[in-house]
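Asker:
In my numbering, the protein residues as written are 4 to 70.
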(Lines of atoms letter the chains of each structure in order from A; the text may use other names.)
(Lines give C-alpha, C1' and ligand atoms only; values in the text may rest on other atoms or scores of the structure.)
Protein backbone atom coordinates (compact mmCIF):
# COMPACT_ATOMS: atom_id res chain seq x y z
CA UNK A 4 0.00 0.00 0.00
CA UNK A 5 2.71 2.48 0.99
CA UNK A 6 5.46 0.94 -1.13
CA UNK A 7 5.37 3.58 -3.87
CA UNK A 8 4.81 6.84 -1.99
CA UNK A 9 8.28 8.29 -2.48
CA UNK A 10 9.95 11.32 -0.93
CA UNK A 11 7.61 13.87 -2.51
CA UNK A 12 4.56 12.00 -1.21
CA UNK A 13 6.02 11.82 2.31
CA UNK A 14 6.78 15.55 2.26
CA UNK A 15 3.22 16.25 1.16
CA UNK A 16 1.80 14.10 3.97
CA UNK A 17 4.03 15.82 6.55
CA UNK A 18 3.04 19.25 5.25
CA UNK A 19 -0.67 18.43 5.45
CA UNK A 20 -0.24 16.98 8.96
CA UNK A 21 1.63 20.12 9.99
CA UNK A 22 -1.20 22.31 8.72
CA UNK A 23 -3.96 20.19 10.25
CA UNK A 24 -2.42 19.46 13.66
CA UNK A 25 -0.01 22.34 14.07
CA UNK A 26 3.65 22.27 15.07
CA UNK A 27 2.97 21.76 18.77
CA UNK A 28 0.88 18.58 18.33
CA UNK A 29 2.95 16.95 15.58
CA UNK A 30 5.65 15.43 17.88
CA UNK A 31 2.96 14.05 20.19
CA UNK A 32 1.13 12.51 17.24
CA UNK A 33 4.32 10.92 15.93
CA UNK A 34 5.17 9.53 19.35
CA UNK A 35 1.66 8.09 19.76
CA UNK A 36 1.84 6.52 16.29
CA UNK A 37 5.23 4.99 17.08
CA UNK A 38 3.95 3.60 20.39
CA UNK A 39 0.93 2.12 18.62
CA UNK A 40 3.08 0.38 15.98
CA UNK A 41 5.46 -0.89 18.66
CA UNK A 42 2.60 -2.36 20.70
CA UNK A 43 1.07 -3.95 17.59
CA UNK A 44 4.38 -5.60 16.61
CA UNK A 45 4.89 -6.81 20.19
CA UNK A 46 1.41 -8.36 20.25
CA UNK A 47 1.82 -9.96 16.83
CA UNK A 48 5.21 -11.39 17.82
CA UNK A 49 3.70 -12.79 21.04
CA UNK A 50 0.87 -14.48 19.15
CA UNK A 51 3.31 -15.96 16.61
CA UNK A 52 5.58 -17.27 19.38
CA UNK A 53 2.60 -18.75 21.19
CA UNK A 54 1.48 -20.57 18.04
CA UNK A 55 4.97 -21.98 17.48
CA UNK A 56 5.21 -23.32 21.03
CA UNK A 57 1.84 -25.08 21.08
CA UNK A 58 1.21 -27.74 18.44
CA UNK A 59 -2.26 -27.93 17.00
CA UNK A 60 -4.61 -30.20 18.95
CA UNK A 61 -5.62 -32.44 15.97
CA UNK A 62 -1.95 -33.16 15.30
CA UNK A 63 -1.40 -34.11 18.94
CA UNK A 64 -4.44 -36.41 18.86
CA UNK A 65 -3.17 -38.15 15.71
CA UNK A 66 0.24 -38.69 17.30
CA UNK A 67 -1.40 -40.18 20.40
CA UNK A 68 -3.45 -42.56 18.20
CA UNK A 69 -0.31 -43.76 16.47
CA UNK A 70 1.42 -44.52 19.75
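Even for Gly, the Cβ is constructed at its ideal location relative to N, Cα and C. For clarity, every value in this text was computed on a predicted model and none was experimentally measured.
Report the option in 30, 47 and 6 whose CA atom is closest to the CA atom of residue 17.
Answerer: 30
Asker: In angstroms, rounded to a whole number, what distance separates the CA positions of residue 27 and residue 38?
Answerer: 18 Å
Asker: Quick one: grab the DSSP three-state call for residue 27.
Answerer: coil
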